[in-house]
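Going from the sequence shown to the working numbering is simple: count from 1 and add 82.
All residues carry an ideal CB built from backbone N, CA and C; glycine is no exception.
Worksheet: the structure to be examined is printed underneath.
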Amino acid sequence: MERSLGLANMSRVQEFILLGLSTRPDIRIGLFAVFLTLYLLTLLENMLIVYLTCSHTELHKPMYFFLGNLSCLEMCYVSVTMPSLLVGLRSSPCHVPFTACVMQLFLFISLICTKCTLLASMAYDRYVAVCRPLHYPLLMRPQVCLGLAASSWLGGLLVSVIKTSCIASLSYCGPNVLNHFFCDVSPLLNLSCTHVALTELVDFISAIAIFCGSLLVALASYVAIGSAVLRMPSAAARCKALSTCASHLIAMGIFYSVVLFMYSQPSHIESTDLNKVLSVIYTVATPMCSPIIYCLRNREVHAVLRKTLHPR
């Protein structure tokens, strides 16, 4: 009888308590202002990129098509995690209903998987541009670009459905406190009262399929690009080829290195302040910096932006 009551209680968790980014009242107000500013700046930057790529025919190219998709994703991505971070800084701790937590987890997993595959598609685009320039119009025709983008979004949704279903089906008892600022996979697995081996296996297989798979595609593309650049006869040609890849390589390197460090740790280790800082990097900093990294030295984007700001 007591065992039955205990199992019933385990399934009655109605909400999770997020401790947030910081529990220090003296710095929460300052952090709230900083992250609110970063959030608005991220939305503004990425909306500008989407507007420019959609409204100017000069940017109707595969590279900018993927960049527009990435900007749409970054706006969604930052809007999934940032509101709970801001609420936690405003009124810590933050109480999140179980359903809302699962929905946030679903959206987060879907978007991060989509981002991985989009970055791989962009690496492939750069490979074709540098290594097979004569075949570029055929290999990166609109139908192919649309198929790669749609596969990225749909693949992210499919993986998220599987992973979120496994995590949501677990039983949770006390404490229901997450030492994080949003509902992430590892903190939720730490709170489960049931056997999580199957869920961890699903998590591992999906990580291999999506994360490691897209990383291998990107690395293979850049190995081929590096080999082709070394064979180029002139320094000017080498510099031009590298300049078309540098921004994507920087953004991809930051994202993958942080995520690899975060998710290479065992799931039973509790979230720490370091983990929360690293989470800020890939959930807040990279969406804000991506438009700057991609467009800071891009002459075509500069020209279109000047035309938009100073129409004749």
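Contact between the segment 234-248 and the segment 191-205 is present: 3 or more CB-CB pairs across the two stretches fall below 8 Å. Looking at 202, 150 and 209, the one whose alpha-carbon comes closest to that of residue 326 is 209. When the Cα atoms are used, residue 360 and residue 389 turn out to be separated by approximately 38 Å. Residue ranges of uninterrupted alpha helix (DSSP H) with 4 or more members, entirely inside the segment 237-313 and ordered along the chain, are 267-273, 279-288 and 295-312. Looking at the backbone, the Cα of residue 304 and that of residue 323 are separated by about 11 Å.
With contacts defined as CB atoms closer than 8 Å, residue 340 and residue 376 fail to qualify as a contacting pair.
When the five nearest sequence neighbours on each side are left out, the beta carbons in the same chain lying within less than 6 Å of the beta carbon of residue 163 are those of 264 and 365, in order along the chain. The DSSP-derived three-state label of residue 100 is strand. The alpha-carbon of residue 287 is positioned some 13 Å away from that of residue 296. At a Cβ-Cβ threshold of 8 Å, residue 155 and residue 197 count as neighbours. Counting along the chain, no alpha helix (DSSP H) covers residue 179; the unbroken beta strand (DSSP E) around it starts and ends at 176-179. For residue 389, the enclosing alpha helix (DSSP H) stretches over residues 381-391. Put simply, the backbone Cα of residue 386 is about 15 Å away from that of residue 373. Judged by DSSP in its simplified three-state form, residue 316 adopts coil rather than helix or strand. Secondary structure at residue 135: helix, using DSSP grouped into helix, strand and coil.
The alpha carbon of residue 171 has as its nearest neighbour, out of 182, 105 and 230, the alpha carbon of 105.
For residue 368, the enclosing alpha helix (DSSP H) has its first and last residue at 368-377. Within a 10 Å sphere around the beta-carbon of residue 186 sit 16 or more other beta-carbons, which makes this residue buried.
In the displayed model, residue 143 falls within coil according to three-state DSSP, outside both helix and strand. Our two residues, residue 211 and residue 294, have alpha carbons roughly 24 Å apart in a direct line. Between residue 195 and residue 124, the alpha-carbon positions lie close to 20 Å from each other. The C-beta distance from residue 205 to residue 289 rounds to 19 Å, too long to meet the 8 Å contact threshold. Within its own chain, the residues whose Cβ lies closer than 6 Å to the Cβ of residue 260, once the five positions on either side in sequence are excluded, are 98, 100 and 269, listed in chain order.
For residue 218, the uninterrupted alpha helix (DSSP H) segment begins and ends at 218-221.
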